[in-house]
Amino acid sequence: MGSSELIFRGHETQPVSDSYSPKPDKPWASVTRPIRYMLREQRLLFVFLGIAIATLIFTLFPASPGFVGSHLVDRLIARGDSVMVVDNFFTGRKENVMHHFGNPNFELIRHDVVEPLLLEVDQIYHLACPASPTNVVGTLNMLGLAKRVGARFLLTSTSEVYGDPLQHPQKETYWGNVNPIGVRSCYDEGKRTAETLTMDYHRGAGVEVRIARIFNTYGPRMCIDDGRVVSNFVAQALRKEPLTVYGDGKQTRSFQYVSDLVEGLMRLMEGEHVGPFNLGNPGEFTMLELAEVVQETIDPNAKIEFRPNTEDDPHKRKPDISRAKELLGWEPKVSLRKGLPLMVSDFRQRIFGDHKEGSSNNEASS
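Just remember that my numbering sits 147 ahead of the position in the sequence shown, which is counted from 1.
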């Protein structure tokens, strides 16, 4: 089993070498953690890279130093919660949460969710997104934890479960059209399996669960070279490189700003409906239209370069968010043309080096 490593607790930064020996426990340390926090009238949010557990007492976030997770942590801390982040830093960046170092309500631990973790928590936001084993073994571990301690579990699934959809826009009742042996199938099927496991634990073990199917999301703190279309276009335009459009550019996607997604996740976790819920912006753009918006925002003279299409690339993707509107009272507020400049500002600072890491504003007007 892999070891866990405390990187930051409150005002205290811990050594990270293997030779580090923890300080002796304080006299009250034998009291179980949730009771300690109740006695101190605090809320603890436990954040894991890719997974989060949030509650009135204790919230866990696996994979939260990542793009979406770090913004979710910001919101929870801003409302007065205590947060513990657990991440293996495979895709997450410590810089995304470093602005919380020094905050006594924040903890950061290095741990991989494919290894079991013993904690007392009330809510879990499972945000980890790499393909199997994270989506299968990691999900099983987090569901097992939720069952053991009676925590509410939120799975962040994906629009990829719809594959190359034959229904447009996609409703949550649509079962999808996924090629199980395609080049994209490891991720697609991993998320579909995670949804299956989540519902099995709900039906068979009575675990309280929530499922969100997230559509394309963008904003500050995205990985610059992660291969996603928005980050690709923005980084290429800033570097004076051609914007690479695959195929004829007529494939469509829907793009939501990260603050809209965070609001949806919080409403889902704190609501009374299992889901699944589509969380995405129904505004639909072709890849060529997206490239043109990036041109308008960064450099009208940026060139567009067409390349052969990738295998199994979905032709259309657009969420039907009627269920989220009705049951969660949620819908996105930030348009692409309002949100993109904030992402561009963050990318410009990180690419050219004149910024403080992790401090990017994620607020935008509709």
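Here a beta-carbon is modelled for each residue, glycine too, at the ideal position from N, C-alpha and C.
Practice item. For my contact list, Ile358 and Gly422 are in at a C-beta cut-off of 8 Å; report their separation, rounded to the angstrom. Key: Here residue 358 refers to the residue found at position 211 when the sequence shown is read from its first residue. Here residue 422 refers to the residue found at position 275 when the sequence shown is read from its first residue. With a Cβ gap of about 4 Å, Ile358 and Gly422 count as contacting.
Review point. If you follow the alpha helix (DSSP H) that Arg222 is part of, which residue opens it and which one closes it?
Key: Within the sequence shown, residue 222 is the residue found at index 75, counting from 1. Here the alpha helix (DSSP H) through Arg222 covers 214-225.
Exercise for review: Determine the closest residue to Asp459 out of Asp372, Met245, Val330, with distance taken between C-alpha atoms.
Suggested key: Against the sequence shown, residue 459 aligns to sequence position 312. Among Asp372, Met245, Val330, the Cα nearest to that of Asp459 belongs to Val330.
Check your understanding: Who are the near neighbours of Val296 in its chain, counting only those whose CB is closer than 7 Å to its CB and skipping five residues on each side?
Key -> The count along the sequence shown starts at 1 and reaches residue 296 at position 149. Once the five neighbours on either side are set aside, the close Cβ partners of Val296 are Glu267, Val268.
Review point. Beta-carbon separation of Leu302 and His273 under 8 Å?
Key: What you label residue 302 is simply residue 155 of the sequence shown in a count that begins at 1. What you label residue 273 is simply residue 126 of the sequence shown in a count that begins at 1. Yes, the Cβ-Cβ distance between Leu302 and His273 is below 8 Å.
Point to revise | Beta-carbon spacing of Ser401, Pro466 below 8 Å | key: As a first step, residue 401 must be located in the sequence shown, where it is residue number 254. As a first step, residue 466 must be located in the sequence shown, where it is residue number 319. A contact, by the Cβ cut-off of 8 Å.
Practice item. Starting from Ser332, trace the beta strand (DSSP E) both ways and give me its first and last residue. Key: In the sequence shown, the residue the question calls residue 332 occupies position 185. Where Ser332 is concerned, there is no enclosing beta strand (DSSP E), although the alpha helix (DSSP H) it sits in stretches over 332-352.
Check your understanding: Of the residues Thr364, Gly310, Arg470, which one's Cα is nearest the Cα of Gln403?
Key -> Position 256 of the sequence shown, counting from 1, holds the residue named residue 403. Of the candidates Thr364, Gly310, Arg470, the one whose C-alpha sits nearest the C-alpha of Gln403 is Thr364.
**Study point:** For Gln403: DSSP bridge partner residues
**Key:** Position 256 of the sequence shown holds residue 403. Checking the DSSP bridge columns, you'll see Gln403 partnered with Thr364.
Review point. Alpha carbon to alpha carbon, what distance is there between Leu483 and Asp221?
Key: Taking the first residue of the sequence shown as position 1, residue 221 is located at position 74. Taking the first residue of the sequence shown as position 1, residue 483 is located at position 336. So the two alpha carbons sit approximately 22 Å from each other.
Review point. Where do the ends of the alpha helix (DSSP H) carrying Phe248 lie?
Key: For the purposes of this step, residue 248 is taken as the residue at position 101 of the sequence shown. From DSSP, Phe248 is part of no alpha helix (DSSP H); its letter is neither H nor E.
Exercise for review: Give the straight-line distance between the Cα atoms of Ala225 and Glu452, rounded to the nearest whole angstrom.
Suggested key: For the purposes of this step, residue 225 is taken as residue 78 along the sequence shown, with counting starting at 1. For the purposes of this step, residue 452 is taken as residue 305 along the sequence shown, with counting starting at 1. Cα to Cα, the separation comes out at about 43 Å.
Check your understanding: Three-state secondary structure (DSSP) at Arg299?
Key -> In the sequence shown, counting from the first residue as 1, residue 299 sits at position 152. In this structure, Arg299 counts as strand in the three-state DSSP scheme.
**Study point:** Trp322, buried or exposed, once every other Cβ within 10 Å from all chains shown has been counted against 16
**Key:** For this step, residue 322 is matched to residue 175 along the sequence shown. Looking at its Cβ environment, which holds fewer than 16 other Cβ atoms inside 10 Å, Trp322 is exposed.
**Study point:** For Ser304, the nearest candidate out of Glu431, Met231, Phe362, Arg470 (CA to CA)
**Key:** Walking along the sequence shown from the start, residue 304 turns up at place 157. Considering only alpha carbons, the answer is Phe362.
Practice item. Go to Leu390, then tell me how far its alpha helix (DSSP H) extends in each direction, as first and last residue. Key: As a first step, residue 390 must be located in the sequence shown, where it is residue number 243. Run containing Leu390: none in the alpha helix (DSSP H); it sits in the beta strand (DSSP E), 390-393.
Check your understanding: DSSP three-state call for Pro105: helix, strand or coil?
Key -> No answer is possible for residue 105: the residues shown for the chain start at 148 and end at 513.
**Study point:** First through last residue of the alpha helix (DSSP H) which encompasses Glu530
**Key:** The shown model of the chain, from 148 to 513, leaves out residue 530, and the question about it has no answer.
Exercise for review: Figure out for me which residue from Gly476, Lys485, Glu478, Ser378 has the closest Cα to the Cα of Phe214.
Suggested key: Walking along the sequence shown from the start, residue 214 turns up at place 67. Per the Cα distances, Ser378.
Check your understanding: Between the region 373-389 and the region 491-498, do at least 3 Cβ pairs fall closer than 8 Å?
Key -> The count of Cβ pairs closer than 8 Å, one atom from the region 373-389 and one from the region 491-498, reaches three, so the stretches are in contact.
Exercise for review: Inspect the beta-carbon positions of Met369 and Met490 and report whether they are closer than 8 Å.
Suggested key: On the sequence shown, residue 369 is found 222 positions in, with the first residue counted as 1. On the sequence shown, residue 490 is found 343 positions in, with the first residue counted as 1. For the pair Met369 and Met490, the CB atoms are nearer than the 8 Å cut-off.
Point to revise | Closest by C-alpha distance to Val559, when choosing among Cys333, Ala298, Ala293 | key: Missing from the structure shown is residue 559; the chain here goes from 148 to 513 and no further.
Check your understanding: Rounded C-beta distance between Leu123 and Gly396? I'm assuming under 8 Å.
Key -> Since the first residue of the chain shown is 148 and the last is 513, residue 123 is not available in this structure.
Practice item. Could you work out which residue in Ile445, Pro429, Gly216 is closest to Glu388 when comparing CA atoms only? Key: For the purposes of this step, residue 388 is taken as the residue at position 241 of the sequence shown. Comparing Cα-Cα distances from Glu388 to each of Ile445, Pro429, Gly216, the minimum goes to Ile445.
Check your understanding: In the DSSP assignment, what residue or residues form a beta bridge with Gly310?
Key -> On the sequence shown, position 163 is the one that residue 310 refers to. Partner(s): Asn324.
**Study point:** Buried versus exposed, by CB contacts within 10 Å (16 or more), Asn243
**Key:** Position 96 of the sequence shown, counted from the start, is the residue given in the question as residue 243. With 16 or more Cβ atoms within 10 Å of its Cβ, Asn243 is classed as buried.
Check your understanding: Starting from Gln383 and walking both ways along the alpha helix (DSSP H), at which residues does that stretch end?
Key -> Numbered from its first residue, the sequence shown carries residue 383 at position 236. Looking at the DSSP string, the run of the alpha helix (DSSP H) that includes Gln383 is 376-385.
Point to revise | Start-to-end residues for the beta strand (DSSP E) that takes in Gln270 | key: In the sequence shown, the residue the question calls residue 270 occupies position 123. Note, Gln270: beta strand (DSSP E), 270-273.
**Study point:** Simplified DSSP state of Gln317, which is helix, strand or coil
**Key:** Within the sequence shown, the letter at position 170 stands for residue 317. Looking at Gln317 - three-state DSSP - the assignment turns out to be strand.
Check your understanding: Helix or strand or just coil, what does DSSP make of Glu452?
Key -> The residue you call residue 452 lines up with position 305 of the sequence shown. Strand, per DSSP.
Exercise for review: Might you give, ordered along the chain, the residues of its own chain that have their beta carbon closer than 7 Å to the beta carbon of Pro327, omitting 5 neighbours on each side?
Suggested key: As a position in the sequence shown, residue 327 is number 180, starting the count at 1. Closer than 7 Å at the Cβ level, and outside the excluded window around Pro327, lie Glu336.
Practice item. Determine the closest residue to Arg339 out of Thr286, Pro429, Thr391, with distance taken between C-alpha atoms. Key: Indexing the sequence shown from 1 puts residue 339 at position 192. Ranking the options by Cα distance to Arg339, first place goes to Thr286.
Check your understanding: Run through DSSP, which three-state label would Leu489 get?
Key -> On the sequence shown, position 342 is the one that residue 489 refers to. Shown here, Leu489 sits in a helix according to DSSP, grouped into three states.
Point to revise | Where Thr305 falls: helix, strand or coil (DSSP) | key: Within the sequence shown, the letter at position 158 stands for residue 305. Three-state DSSP puts Thr305 in a strand.
Practice item. To the nearest angstrom, report how far apart Arg299 and Met289 are at their CA atoms. Key: As a working mapping, residue 299 is identified with position 152 in the sequence shown. As a working mapping, residue 289 is identified with position 142 in the sequence shown. About 10 Å.
Review point. First and last residue of the alpha helix (DSSP H) that includes Ser469?
Key: If you number the sequence shown from 1, residue 469 lands on position 322. Residues 469-475.
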